[in-house]
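Below: one structure, written as structure tokens.
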Amino acid sequence: MTAVVNPPENLASQPASELEQPYVYRRTELVEPDWRRFPGWADVTEAEWRDAQWQRVKCVRNIRQLRAVMGDLLEDRFYADLEADQKQMATMSMLITPQILNTMAPNAPTTP
Numbered sequence: 017m018t019a020v021v022n023p024p025e026n027l028a029s030q031p032a033s034e035l036e037q038p039y040v041y042r043r044t045e046l047v048e049p050d051w052r053r054f055p056g057w058a059d060v061t062e063a064e065w066r067d068a069q070w071q072r073v074k075c076v077r078n079i080r081q082l083r084a085v086m087g088d089l090l091e092d093r094f095y096a097d098l099e100a101d102q103k104q105m106a107t108m109s110m111l112i113t114p115q116i117l118n119t120m121a122p123n124a125p126t127t128p
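Residue numbers (the numbering used here): 17 to 128.
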């Protein structure tokens with residue numbers, strides 16, 4: 017049987033800002049990595065990048081499109097491994113928005 021635990025009454029009367037925190041939160045400014053580091057998006061303007069329709073149209077759906085975006089930043093064996101994994105284990109197709117792909121390896125080197 018599950019026991020119902022009610023918070024102490026004095027907590028309900030205190031504003032959240034006055035409650036003691038159990039741990040310290042680190043504040044980190046979130047900065048989007050520069051998408052132009054990928055050869056396939058080198059000429060994409062900020063207006064295009066921020067456009068939701070452009071993001072939908074430019075989703076990466078297959079290995080050929082991923083190669084077009086990444087250029088020579090990934091080795092051929094990566095694509096071979098990806099293709100083998102897709103054939104053997106994939107339960108759904110690839111669909112990666114540019115913004116998500118951009119944040120997967122934000123500090124990745126721009127040379128192989």
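Here a beta-carbon is modelled for each residue, glycine too, at the ideal position from N, C-alpha and C. For clarity, every value in this text was computed on a predicted model and none was experimentally measured.
Burial check for residue 103: the Cβ neighbour count within 10 Å stays below 16, so the residue is exposed. Distance from the Cα of residue 57 is smallest, within the candidate group 72, 84, 43, for 84. Proximity of the stretch 108-123 to the stretch 42-54 meets the contact definition, three or more beta-carbon pairs being nearer than 8 Å. In chain order, 54, 55, 56 place their CB closer than 8 Å to the CB of residue 86, counting only its own chain and leaving out the 5 sequence neighbours on each side.
Residue state for residue 21 is assigned as coil, using DSSP reduced to three classes. In this structure, DSSP gives residue 47 a state outside helix and strand, which the three-state scheme calls coil.
As a beta-bridge residue in DSSP terms, residue 76 pairs with 112.
Less than 8 Å divides the Cβ of residue 117 from the Cβ of residue 76.
Going by beta carbons, residue 115 and residue 71 fall inside the 8 Å limit. Rounded to whole angstroms, residue 105 and residue 99 show a C-alpha spacing of 10 Å. Annotated three-state conformation of residue 42 is coil, per DSSP.
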